[in-house]
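For reference, the structure is listed below as structure tokens.
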Amino acid sequence: MSQTAAAASVMSFPLIAGAQAKTVKVGVLHPVTGALAYSGQQCRLGALMAIEDINKAGGIKSLGGAKIEAVLGDAQSSPQAGTAEIEKMNEAGVSAVVGAFASAICLATTQAAAKYNLPHVVDVGVADQIVERGLK
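Residue numbers (my numbering): 27 to 162.
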């Protein structure tokens with residue numbers, strides 16, 4: 027091995043040893059208080075279980091094993107509170123949001139997320155308008 031190759035090899039050790047997978051923040055938004063609290067709590071639990079499973083399995087493989095960090099929000103069973111939580115999640119630097127649970131909340135939160143080009147996966151919602159508005 028040439029001296030240049032050996033030096034390059036040794037110089038790369040700190041980078042490899044210090045390399046850590048990135049953390050991806052994902053907003054988990056459900057109505058965990060108010061009239062929809064029971065169902066919202068169940069949805070939150072499901073989302074957190076999925077995140078735990080993904081992280082235990084090595085994280086997001088396409089991102090080099092990045093772990094998912096849940097940023098929790100409470101929609102308080104109202105569209106207005108859900109929208110306020112989207113604002114907080116955006117400020118916290120989430121990469122996407124999952125949840126919202128009820129159609130009325132989903133209509134408001136998806137609109138709020140669209141302002142920031144923030145992907146929003148609706149886990150439960152029955153109103154056709156949620157997906158027919160042409161949000162990007």
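Virtual Cβ for every residue (Gly too), placed ideally from N, Cα, C.
(request) Indicate the three-state DSSP secondary structure (helix, strand or coil) for LYS93 in the structure shown. (result) Assignment of LYS93 by DSSP, reduced to helix, strand and coil, places it in the strand class.
(request) Please classify SER103: is it buried, with 16 or more other beta-carbons within 10 angstroms of its beta-carbon, or exposed? (result) SER103 should be labelled buried.
(message) With a threshold of 6 Å on Cβ separation, who are the neighbours of THR49 within its own chain once the five nearest residues in sequence on each side are excluded?
(response) So the list reads LYS93 and GLU95, once near-sequence residues are dropped.
(request) Using the Cα positions of HIS146 and VAL58, report the straight-line distance between them to the nearest angstrom. (result) Taking the straight line from one Cα to the other gives about 18 Å.
(message) Can you check which of these residues, GLN68, GLY91, VAL124 and CYS132, is closest to ASP154 by C-alpha distance?
(response) Per the Cα distances, CYS132.
(request) With a threshold of 16 other CB atoms inside 10 Å of the CB of GLY108, please say whether the residue is buried or exposed. (result) It is buried - the Cβ of GLY108 has at least 16 other Cβ atoms within 10 Å.
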